[in-house]
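A short worksheet on the structure shown next.
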Amino acid sequence: MKTATYIIRCLTNMHVGKGDATYEVVDKCVQRDVTTGIPCIYSSSLKGALRQFFSKQGFTELDYVFGADVNRGKKNNSNEKNEEEHSIGNFTFFQANLLAYPVQTTEKNISYILKTNEALQKPIEELANLLSAPFDIEKMLPKETKKDLSNEDFEQLPVIARNKLDNGESKNLWYEEVVPAESRFVFFVSYDNEDIFKEFNKIIEEGVIQIGANGSIGYGFCKITNIEDSSKK
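Counting from 1, position 153 in the sequence shown corresponds to residue 232 in my numbering; the numbering is continuous, with no gaps.
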């Protein structure tokens, strides 16, 4: 198995909800790593978003990569004859971890500075080493990125109030966390077929992919780049 490294650039605010009940002020919280508490995108959520995107692109090896969608009774549209054998998929998708976060600034002519720190970089680098995957911080982030991010900056994410109206009357006011636009996440994909991966990689880099909830109001639109390819562009 080989492993590729991808960076996600959030083009808009993102809300990938953790789905459980909360009794705090914020009604809908984003997914966070269960150990560190750092915002992340669980592998199941990421894989589901990618599968939906690739399905819309007419990807011929959908079931080979992601697994057969047996719950919906879909036919296997990969080249594999045995649907059950590959129902879990042959590519492995790892959790997307936060690498850099935009911080507002009072500097002239710019509205934010992209920042990272060792606490964000270290777990990603350690997993990259275990998977023998590429990890080059210089390729992953813009050269002007600062490395002095405070953990407090992403411990309290922006919270947006949303409201359901019925004939102009408020029926349901709620508050939800968002990961702000221009945040960067990193994830890994392990694969066993070079030819299928090349097609997968081409499609994932050419499109704009929606991840998480509220796509109809512009949330979660992202650009995904293979970091080995980023230096060639």
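Just so you know, even glycine gets a beta-carbon here, dropped at the ideal spot from N, CA and C.
Coarse secondary structure for residue i, derived from DSSP in three states
{"i": "G96", "result": "strand"}
{"i": "T84", "result": "strand"}
{"i": "E255", "result": "strand"}
{"i": "P202", "result": "helix"}
{"i": "Q131", "result": "helix"}
{"i": "F276", "result": "helix"}
{"i": "I167", "result": "coil"}
{"i": "I117", "result": "coil"}
{"i": "A240", "result": "strand"}
{"i": "K107", "result": "strand"}
{"i": "N161", "result": "At N161, the pLDDT of 47 sits below 50, so the modelled position is not reliable; the number obtained from the coordinates is stated separately. Coil at N161, not helix or strand."}
{"i": "K126", "result": "helix"}
{"i": "K391", "result": "The structure shown does not extend to residue 391, since the chain spans only 80 to 312, so no value can be given for it."}
Delimiting residues of the beta strand (DSSP E) encompassing residue i
{"i": "S269", "result": "R263 to Y270"}
{"i": "N176", "result": "A175 to Q183"}
{"i": "L193", "result": "Y191 to K194"}
{"i": "I288", "result": "V287 to Q289"}
{"i": "K302", "result": "F300 to N305"}
Rounded Cβ spacing between residue i and residue j (contact assumed at less than 8 Å)
{"i": "A179", "j": "T224", "result": "6 Å"}
{"i": "I120", "j": "G146", "result": "Not confirmed; about 19 Å, so no contact."}
{"i": "V257", "j": "I239", "result": "6 Å"}
{"i": "Q183", "j": "Y191", "result": "5 Å"}
C-beta atoms of residue i and residue j nearer than 8 Å
{"i": "Y85", "j": "I275", "result": "no"}
{"i": "T195", "j": "K226", "result": "yes"}
{"i": "K97", "j": "C89", "result": "no"}
{"i": "F132", "j": "I306", "result": "no"}
{"i": "V95", "j": "I290", "result": "yes"}
{"i": "I87", "j": "F233", "result": "no"}
{"i": "A212", "j": "T82", "result": "yes"}
{"i": "L193", "j": "P202", "result": "no"}
{"i": "E176", "j": "A198", "result": "The displayed chain sequence assigns Asn, not Glu, to residue 176. Their beta carbons are not under 8 Å apart, which means N176 does not touch A198 by this criterion."}
{"i": "D112", "j": "E255", "result": "no"}
{"i": "N134", "j": "L125", "result": "Note on identity: in this sequence residue 134 is Ser, with Asn being the wrong assignment. No, the pair does not count as a contact, with Cβ atoms beyond the cut-off."}
{"i": "G286", "j": "Q136", "result": "yes"}
{"i": "V210", "j": "S123", "result": "It is worth fixing the name first, because residue 210 is Leu in this sequence and not Val. The answer is no: Cβ separation not under 8 Å."}
{"i": "N272", "j": "N169", "result": "yes"}
{"i": "R263", "j": "L220", "result": "yes"}
{"i": "P118", "j": "L236", "result": "yes"}
Residue range of the unbroken alpha helix (DSSP H) whose run includes residue i
{"i": "N188", "result": "Element bounds for N188: n/a, residue is neither H nor E."}
{"i": "N230", "result": "N230 to E234"}
{"i": "F145", "result": "L141 to F145"}
{"i": "K218", "result": "I216 to M219"}
Closer than 8 Å to chain D by CB, residue i
{"i": "M80", "result": "Considering every chain present, this structure includes no chain D. It has just one protein chain."}
beta-carbon residue i near the ligand MN non-hydrogen atom, thresh 7 Å
{"i": "G286", "result": "What this structure holds is no ligand at all, so the ligand MN is not there to describe."}
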